[in-house]
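Since the structure comes first, as structure tokens, the remarks are kept for the end.
In this note's numbering, the protein residues as written are 10 to 133.
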């Protein structure tokens, strides 16, 4: 939007300057004096400067937003990676503990069997 305005005002300014260089005192609306031309040029130049300033501010704002977006995305990806690594570690830990539990259950079953066998022997 600002760049379109800037382009339009710049084109108007160039048109006024060309008419002034050609020495033409006429415009669509009628006769324009040299002073009026100077005022029109000055006003157009001020508008161009204001639009350029606004455009530069928008560009800087846009760059800032892009940097924030980049940093947010980077932080998200790092956090996602950390969580995936933590999840993988948790899964590995769970698998180890599951195996240990199975081994303990087997030992418990073996000991229970041995106790029953010994009780049977004692009872004879």
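C-beta atoms are modelled at their ideal positions from N, C-alpha and C, and glycine is treated no differently.
On a predicted model such as this, the values are computed, not experimentally measured, just so you know.
Proximity of residue i and residue j at Cβ, strictly below 9 angstroms
i: residue 21; j: residue 53; result: yes
i: residue 18; j: residue 72; result: no
i: residue 64; j: residue 12; result: yes
i: residue 15; j: residue 61; result: yes
Proximal residues to residue i (C-beta, below 7 angstroms), its chain only, five neighbours per side dropped
i: residue 124; result: none
i: residue 127; result: none
i: residue 107; result: none
Reference residue i, options the options, closest by Cα
i: residue 23; options: 44, 50, 43; result: 50
Same chain only: Cβ atoms within 6 angstroms of residue i, ignoring 5 sequence neighbours per side
i: residue 84; result: none
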